[in-house]
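There are 2 protein chains.
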Amino acid sequence: MISKSMYELGAQPSPIRKLFNYGQIQAKKLGPDHVFDFTLGSPSVPMPSKVAQCWEKLNREIDPVALHTYTVSAGRPEARQAIVDDLNERYHTHYGPGDLYLSCGAAASLCAVFKALTLDHQSKILAMAPFFPEYRNFVESKGGKFDYVPAAADFRVNLEALKEAIDASTQGVIINSPNNPGGKIYTREELKTLASLLEEKSRNFGHPIYLISDEPYRELAYDGLEVPWIPSIYKNSIICYSWSKSFSIPGERIGYTLVPPEAEDAKELYLAISGAARTMGYVCAPALAQRVIESCIKERPDLQPYEENRQLLYGSLSEMGYNCVHPDGAFYLFVKAPNGDGSAFSEMAMEKNVLIVPGVGFGCPDYVRISYCVPNDRIRRALPLFRDLLAQACGR
Amino acid sequence: MISKSMYELGAQPSPIRKLFNYGQIQAKKLGPDHVFDFTLGSPSVPMPSKVAQCWEKLNREIDPVALHTYTVSAGRPEARQAIVDDLNERYHTHYGPGDLYLSCGAAASLCAVFKALTLDHQSKILAMAPFFPEYRNFVESKGGKFDYVPAAADFRVNLEALKEAIDASTQGVIINSPNNPGGKIYTREELKTLASLLEEKSRNFGHPIYLISDEPYRELAYDGLEVPWIPSIYKNSIICYSWSKSFSIPGERIGYTLVPPEAEDAKELYLAISGAARTMGYVCAPALAQRVIESCIKERPDLQPYEENRQLLYGSLSEMGYNCVHPDGAFYLFVKAPNGDGSAFSEMAMEKNVLIVPGVGFGCPDYVRISYCVPNDRIRRALPLFRDLLAQACGR
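Shown next, in the form of structure tokens:
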């Protein structure tokens, strides 16, 4: 008398977690230096010092009952004002605090958006591979349909496939740029072509197709690349943001949903997202974290350590002969399995205690993901093993 | 193209919030001393000093990246161990960390439990009036049915009505003791009769009927009254706890779900609850709050201020002639509207800037709820207004 689908989701933790747990056990057995864990997307770079100090300072300076009390469901108006002020300054927009809903992280934002956009079992959310595997659970558990189109050869927007896939039931298309696991940042130009397609399809089907932008990696862009502000390119956009990666606080569950007022039915959509958050028991985003964001909104992450890791890993693996997607942002390297099978290659690597995630869950079964939000030394010491693995996989 | 039910839930905030917001506006207009807000259940009593200090101390002593990183979905094993150790000591139980799942508060726990117990549109969760109004949204949004039986005359377990209401589709009965809004604590004796009924019905229908115990007020009991440990009375119990009220940290969203190993299908149920939390985007409970709980598990709230308020409010209103439910715990007084209509009486009070919540949402339309987690002085100064209201309502 227990929900079978929920049981199955609980009984089968994500393959990422499974690998990570295996690594923890091996590390105890062999010593941590003999296990090369590249599984999780846990930020390894110290947060901006002002952010670190702020947690302590707020607790010293503000009456604890006031500090830790309920906020309104959408979050402290002062925090929302600070966030939209920052967005308005950076992106020349005109958002108000009523356009933004503070959430327990981007995952919570996405769940509320999917719930708000699900009308019946036909309601569809589309993604493009490679995509974050949990999207599927998030959508299906709200009663809707999840589908995806394959990755384009260059891991850019797969316009042709999307054109085919969007139908009358498509309520939203989700993008994630900078991308986990591909590391790609969509350019303004390709986003414009995507916007044109969505506009055309919305006209054809007589209803808006929302572009849901999952943006936990927005501040993690290298080489000075632009991460375009999506709503300035396509008005029917919804932003799901998180400070997990940019402030190195993934355990604190703080992010937001933004519904730009230009979006069609913006007010109704915002209210439906509020209602959806309410039905999932999200009373408010954690109060102390809201204050930290409010005080530190101008802070940006130190990308230098990730940048060094990126160059070392991408450079070395490419030189060895691996076929790697060049990462523009985030902290993952997406690599073609040299034996053509990401799952088999991940298992082969596991035998050498090199833990890398098979690409199948991201919609790319012939790839593996290597997280480089790790100490630089771990990458350096793993390089000979990656060389061995390549030889082994190619039967050399 | 937006979910109508979600829109409606977002567009109609709870009547409690509506009254509270009205109070905020009036306070700005008239000055805070002229508005008597008894709406919210926000703890007003300072948290135990060790808890207050702990937030700061952890930030001073632990490396920020480690402190704020992801925890496993169920929460830090150390935190779960500390919590079950405390439960085992207090209730002579034998729980392990694998029986407990840290959540973003009791609301999040309840949502995951309802989702795990919903098989189809017939799956029913039953409550007894008076009950927390959000139960309905929580259950219905998971695809199940919510129903309730009326309050017993003495606000105790309404055994006769439950006996009638439980049917083959009933998956769970939810109780909340100490109760919001009634303040009642179910005695061991009446819980035993409830357990017998549930055992009988489970046998009749051939499946367990879980007793879901929503316990944010467990530590708020007066006069040394026992708050019985539910699973020691009925094995198929599920505990949904929160530190919101006991530690005065409702904004921080930290609580737990406990599935005792004695419960039927305990392992499957625990996993289904984990799966349900996963589908709602609850990645983990806030990490810093987990550490605070771990360090402060033995701390208990200072009930003295609530106790003084309780005596003053219950004593004075009863003496005036109001018919009040005697509160054993929590921090609410549930009062029969002297004109027989809680909503009309609440509006009448609003005109005097006395803000009290109509009972209709709790399943008791002839009652109002007065929260006494407020400064004692606010109660004292409102007493003459309550006297006037009684006269007015009785047409004197």
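Here the protein sequences come in this chain order: A and B. Residues 91 to 486 (the working numbering) make up the first sequence, in order. Residues 91 to 486 (the working numbering) make up the second sequence, in order. Positions of the beta carbon are idealized from the N, C-alpha and C atoms, including for glycine.
Which runs of the alpha helix (DSSP H) fall wholly inside the segment 136-175 of chain A and span at least 4 residues, in chain order?
139-151 and 154-157, all fully within the segment 136-175 of chain A.
Taking DSSP as the reference, what is the three-state secondary structure of A/T283?
The answer is helix: DSSP assigns A/T283 an H, G or I state.
What would DSSP say about A/R278, mapped onto helix, strand or coil?
If DSSP states are grouped into helix, strand and coil, A/R278 belongs with the helices.
Pick from B/K94, B/D175, B/R107 and B/R471: whose alpha carbon is nearest that of B/S385?
Per the Cα distances, B/D175.
Which residues mark the beginning and the end of the beta strand (DSSP E) in which A/C463 is found?
Segment: none, A/C463 is in no beta strand (DSSP E) and carries neither H nor E.
A/E453 CB to nearest chain B CB: under 8 Å?
Looking at the sequence itself, residue 453 of chain A is Gly, so the reference to Glu does not match. No, A/G453 does not count as interfacial toward chain B.
Any beta-carbon of chain A closer than 8 Å to the one on B/I363?
Closer than 8 Å to some Cβ of chain A, the Cβ of B/I363 qualifies, so yes.
Give the single residue among B/A377, B/K253, B/S461 and B/Y225 whose Cα lies nearest to the Cα of B/I302.
Looking at the Cα atoms, B/Y225 is the closest of the given residues.
Just verifying my parser: in three-state terms, what is the DSSP assignment at A/G234?
Correct three-state label for A/G234: coil.
Just list the residues that DSSP pairs B/F435 with in beta bridges.
The partner list for B/F435 (beta bridge, DSSP) is empty, contrary to what the question assumes.
Have a look at B/K274, B/A366, B/S193 and B/I152 and flag the residue whose alpha-carbon is nearest the alpha-carbon of A/I92.
Out of B/K274, B/A366, B/S193 and B/I152, B/A366 has the C-alpha closest to the C-alpha of A/I92.
Could you name the residues of chain A that B/I339 contacts, counting a contact when the two beta carbons are closer than 7 Å?
In chain order: H158.
Comparing the C-beta of A/P271 with each C-beta of chain B, is any distance below 8 Å?
It does not; no Cβ of chain B falls within 8 Å.
Using a Cβ-Cβ cutoff of 7 Å, what residues of the segment 209-243 of chain B are near chain A? List them in chain order.
Per Cβ criterion, the list reads L209, N227, F228 and S231.
List the residues of chain B whose Cβ lies closer than 9 Å to the Cβ of A/Y422, in chain order.
The contacting residues do not exist; A/Y422 stays about 16 Å from chain B at best.
Rounded to a whole number of angstroms, what is the C-alpha to C-alpha distance between A/E98 and B/A196?
Going by the C-alpha atoms only, they are around 23 Å apart.
Using 8 Å as the threshold, is the C-beta distance between B/L326 and B/E398 below it?
Looking at the sequence itself, residue 326 of chain B is Asn, so the reference to Leu does not match. Their beta carbons are not under 8 Å apart, which means B/N326 does not touch B/E398 by this criterion.
Contact between the segment 200-212 of chain B and the segment 402-419 of chain B is defined here as three or more beta-carbon pairs at a separation below 8 Å; is this criterion met?
No, the segment 200-212 of chain B is not in contact with the segment 402-419 of chain B.
Quick one: list the residues of chain A neighbouring B/W333, beta-carbon separation under 9 Å, in chain order.
In chain order: nothing, as chain A lies at least about 10 Å away.
Check the C-beta distance from B/I344 over to B/I320 and give it rounded, since I have them as a contact under 8 Å.
Not quite, the Cβ-Cβ distance comes to about 21 Å (not below 8 Å), so this is no contact.
For a contact meaning CB atoms closer than 9 Å, what does A/Y457 contact in chain B?
Residues of chain B passing the Cβ test: none, with the nearest at roughly 23 Å.
Could you tell me whether the Cβ atoms of B/A255 and B/L287 are closer together than 8 Å?
No, these two residues do not count as a Cβ contact at 8 Å.
With which residues is A/L216 paired in a DSSP beta bridge?
According to DSSP, A/L216 bridges with A/D237 and A/V263.
Select from B/R400, B/S408, B/A375 and B/S433 the residue whose C-alpha is nearest the C-alpha of B/R468.
The shortest C-alpha separation from B/R468 is found at B/R400.
If we define contact as Cβ-Cβ less than 8 Å, is B/C201 a contact residue for chain A?
Closer than 8 Å: yes.
A/P167: buried (16+ other C-beta within 10 angstroms of its C-beta) or exposed?
With fewer than 16 other Cβ atoms within 10 Å, it is exposed.
Using only CA atoms, which one of A/K235, A/V444 and A/C374 lies nearest to A/I460?
Ranking A/K235, A/V444 and A/C374 by Cα distance to A/I460 puts A/V444 first.
Does chain D have any CB closer than 8 Å to the CB of A/P428?
Looking at the structure shown, chain D is missing, and the protein chains on hand are A and B.
Would you mind reading off the limits of the alpha helix (DSSP H) that contains A/S95?
K94 to A101 is the extent of the alpha helix (DSSP H) around A/S95.
Does any CB atom of chain A fall closer than 8 Å to the CB of B/M91?
Judged by the 8 Å Cβ criterion, B/M91 is in contact with chain A.
Where A/D304 and A/I323 are concerned, what is the direct C-alpha to C-alpha distance, given to the nearest angstrom?
Computed Cα separation, rounded: 16 Å.
Distance, Cα to Cα, A/N413 vs A/F245?
Those two C-alpha atoms are separated by around 13 Å.
Shorter than 8 Å from the beta carbon of B/V464 to some beta carbon of chain A?
It does not: the Cβ of B/V464 has no partner Cβ on chain A nearer than 8 Å.
Between the segment 381-414 of chain B and chain A, which residues of the former have CB atoms less than 8 Å from a CB of the latter, in chain order?
Cβ contacts with chain A come from no residue of the segment 381-414 of chain B.
Reducing DSSP to helix, strand and coil, say where A/V349 ends up.
Of the three classes helix, strand and coil, the one that applies to A/V349 here is coil, per DSSP.
Could you tell me the distance, in whole angstroms, from the CA atom of A/G233 to the CA atom of A/I264?
Cα-Cα distance, rounded: 17 Å.
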